[in-house]
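Since the structure comes first, as structure tokens, the remarks are kept for the end.
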Amino acid sequence: MSLGGGLPRAYPGAMSLTADTPVGTDARAAAPGVPPEVDVAEAVLDVCRAARAASKALATATRATKDAALLAVADALVAQAPRVVAANGRDLERGAAEGLPANLLDRLRLDADRLGAIADAVRDVAALPDPVGEVVRGQTLPNGLRLRQLRVPMGVVAVVYEARPNVTVDAAALALKSGNAVVLRGGSAARETNALVVEVVREALAAAGLPADLVSTVDAYGREGVRALMRARGLVDVLVPRGGAGLIAEVVRSSTVPVIETGTGNCHVYVDAAADLDVALAVALNSKTQRTSTCNTAETVLVHAAVADAFLPSLLTAMSAAGVRLHGDDAVRAAAEPLDGVDVEPATDEDWATEYLALELAVGVVPDLDAALAHVDRWSTGHTEAVVTRDLAVAERFAAEVDSAAVMVNASTRFTDGAQMGLGAEIGISTQKLHARGPMGLAELTTTRWVVTGDGHVRG
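Counted from 1, the sequence shown has number 440 at position 444 by this note's numbering; the numbering is strictly sequential.
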């Protein structure tokens, strides 16, 4: 993933995998509360071995079995909602006392409604077609050999993430439906929430007749446990990091397990000369303010010079009224001068490069589509870009030339989301170009196997 002329700032509170204890030192320094006689690296490998053994049982499970287990998980989460919300409250209280940023506290927060929505997402995954066994392609060769390329599970998937208890459930649900076991590392900020959620999920699986070790966590083993997980090649088939730029970069650098890289979201909305300005305002506002702490939130709005005079006053006024702190170029600042109560700070290179994850936005005026594309190419992190236009040629060129995982045409950047795209949920949004790109649903958690059927065929 090329970041062009600037690197986005990692959001505060990102999990550090390099601080404190180097690999190979006393595990207790990195895992407080672990008895001194415990070998953390070996303990994590034991978790991974158990997950791999459990995955064998799931590889041949019917869709009915998997769906019944997922529905049991959803029901258990709702039934245990008071306990989960109480545990989450303790995490939130501790996080606030430790100065966790507001955007992370928002991601961490669970209430009955959010937990109900998470349970509904599990039910949505249960309702999706089972990808395992799908024939991707096939043919019969002239010599009579019959070829089929089938979707099969990865085996064991590991997920490293921060302050997002919803990921605990999403990852478990997607892994189970796609025939995989999952090993989770959810970070210290959500430790009580995640521990209880994993316990609830494991109990539901066991009650449904599946191995509890299909879902496990290594949270108890601290940073040393993360390092061991990243080195469990041969036991873990793929690792997905979700979090700030610092966490993702460190996992990519340090892991010997294959990594599917999820990316930060310095997302753009481009308002073209041919835009419906009412649509443009609605798209820009929703992209920025619907929920600010997510990676699919817009951080920059670019406005074609031909509509700047007509559009900027309404855009800046609406954003300011929504509590958005604005940064703009000279043209944007000039447009703001006559507007009451609208303050626009000078935009710097750092502003164009920043994933704010807050009520903060950079706004710029561009002379044409070429300039908009050049700006996006320089500053984007390859996540999601949106164009607002009634000109089909502009829309098609924008979609063809922008090098991002998702492009929205006359729609909010907030739709880059597994549930919104009909995938049920997502295990992350990949900004790389190998195997998976964009929201990673069930198909992205499978690989393929060739099955070749003959009738005593031998190669001459």
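In this text, a Cβ means the ideal position worked out from N, Cα and C, and glycines have one as well.
Would residue i pass as a contact of residue j if the rule is Cβ separation under 8 Å?
i      : j      : result
ALA331 : LEU355 : no
MET404 : THR385 : no
VAL36  : GLY221 : yes
ASP268 : ALA47  : no
ASP87  : ALA186 : yes
LYS173 : ASP126 : yes
ALA154 : VAL279 : no
THR213 : GLY182 : yes
THR409 : VAL265 : yes
ALA171 : VAL197 : no
ARG103 : SER316 : no
THR295 : LEU357 : According to the sequence as given, residue 295 is Glu; it is not Thr. Their beta carbons are under 8 Å apart, which means GLU295 touches LEU357 by this criterion.
THR442 : VAL40  : no
ALA395 : ASN262 : no
VAL118 : ALA75  : no
What are the boundary residues of the alpha helix (DSSP H) that includes residue i?
i      : result
THR313 : 301 to 317
MET226 : 218 to 226
ALA389 : 388 to 397
VAL372 : 365 to 375
LEU143 : Not the alpha helix (DSSP H): LEU143 falls in the beta strand (DSSP E), residues 142 to 149.
ARG48  : 36 to 55
VAL275 : 273 to 285
GLY242 : 241 to 250
GLU346 : 345 to 349
Go through its chain and collect everything with a Cβ distance to residue i's Cβ below 6 Å, but skip five positions before and after it.
i      : result
LEU143 : GLY134, GLN135 and VAL448
ALA204 : ALA64, ALA65 and ALA68
SER251 : MET226 and LEU235
ALA77  : ALA108 and LEU111
ALA432 : ILE256, SER426 and GLU440
GLY1   : Confidence at GLY1 is low in this model, with a pLDDT of 31, below 50, so the placement of that residue should be treated as unreliable; the coordinate-derived value is given next. Correct list, in chain order: ARG374.
ASP233 : MET150, GLY151 and VAL152
GLU397 : LEU369
ALA343 : HIS323, GLY324, ASP325 and ALA358
ALA83  : GLU188, THR189 and LEU192
GLY450 : LEU141
GLY175 : LEU54, ALA55, VAL128 and PRO149
GLU199 : none
GLU130 : ARG147
Going by CA-CA distance only, name the one from the options that's closest to residue i.
i      : options                           : result
ALA190 : GLU257, HIS379, LEU73 and CYS44   : Checking the sequence shown, residue 190 turns out to be Asn, not Ala. Answer by Cα proximity: LEU73.
THR293 : ASN282, VAL299 and HIS300         : ASN282
GLY324 : GLU341, PRO334, GLU440 and ALA123 : GLU341
PHE307 : ALA327, ARG321 and ALA318         : ALA327
TRP446 : PRO125, VAL299, ALA60 and LEU146  : LEU146
MET150 : ILE114, LEU124 and LEU54          : LEU54
TYR352 : LEU124, LEU322 and VAL362         : LEU322
GLY418 : VAL121, CYS263 and SER316         : VAL121
THR444 : LEU365, VAL132 and PRO207         : VAL132
ALA301 : GLY95, VAL359, GLY175 and PRO31   : VAL359
ALA224 : GLU38, VAL30 and GLY424           : GLU38
LEU180 : VAL43, THR296 and GLY85           : VAL43
ALA318 : ASP339, LEU106 and PHE394         : ASP339
VAL383 : GLY85, ALA159 and GLU392          : GLU392
GLY59  : LEU96, ALA123 and ALA367          : Looking at the sequence provided, one finds Arg at residue 59 rather than Gly. Out of LEU96, ALA123 and ALA367, ALA123 has the C-alpha closest to the C-alpha of ARG59.
SER400 : GLN428, VAL40 and ALA415          : GLN428
ASP347 : GLY414, GLY337, VAL297 and THR412 : VAL297
ALA304 : ARG329, ALA82 and GLN286          : ARG329
GLY230 : ASN84, ARG45 and GLY424           : ARG45
ALA336 : ALA349, THR350 and ALA314         : It is worth fixing the name first, because residue 336 is Asp in this sequence and not Ala. Residue ALA314 is the option with its Cα nearest to ASP336.
GLN286 : PRO254, VAL320 and ARG238         : VAL320
In the DSSP assignment, find the beta strand (DSSP E) that holds residue i and state where it starts and stops.
i      : result
ALA330 : Careful: ALA330 lies outside any beta strand (DSSP E), inside the alpha helix (DSSP H) at 326 to 332.
LEU357 : 356 to 362
CYS263 : 263 to 267
PRO138 : Where PRO138 is concerned, there is no enclosing beta strand (DSSP E), given that its DSSP letter is neither H nor E.
MET404 : 402 to 405
PRO32  : From DSSP, PRO32 is part of no beta strand (DSSP E); its letter is neither H nor E.
GLU381 : 380 to 384
GLU158 : From DSSP, GLU158 is part of no beta strand (DSSP E); its letter is neither H nor E.
GLY444 : The sequence given here places Thr at residue 444; Gly does not occur at that position. Run containing THR444: 442 to 449, per the beta strand (DSSP E) assignment.
PRO342 : 340 to 342
Might you give, ordered along the chain, the residues of its own chain that have their beta carbon closer than 8 Å to the beta carbon of residue i, omitting 5 neighbours on each side?
i      : result
HIS453 : ASN139, GLY140 and LEU141
SER310 : LEU273 and LEU277
GLU422 : ASP166, LEU170, ASP413, GLY414, ALA415, PRO435, MET436 and GLY437
Near residue i, what residues of its chain come up, given a Cβ to Cβ distance below 7 Å and the 5 sequence neighbours on each side ignored?
i      : result
ALA270 : THR385, ARG386, ASP387 and VAL390
VAL193 : VAL80, PRO161, THR164 and VAL165
ALA50  : ALA177, PRO207, ASP209 and LEU210
ILE114 : LEU73, ASN162 and VAL165
ALA92  : LEU101
With a threshold of 8 Å between beta-carbons, can residue i be considered close to chain D, or not?
i      : result
LEU137 : Of the protein chains in the structure, only one exists, and it is not chain D.
(request) With a floor of 4 residues, list each alpha helix (DSSP H) that falls wholly inside the stretch 64 to 111, ordered by position along the chain. (result) 77 to 93 and 98 to 104
(message) Quick check for students: name the residue ranges of the alpha helix (DSSP H) that lie wholly in the stretch 166 to 236, counting only runs of 4 or more.
(response) 187 to 203 and 218 to 226
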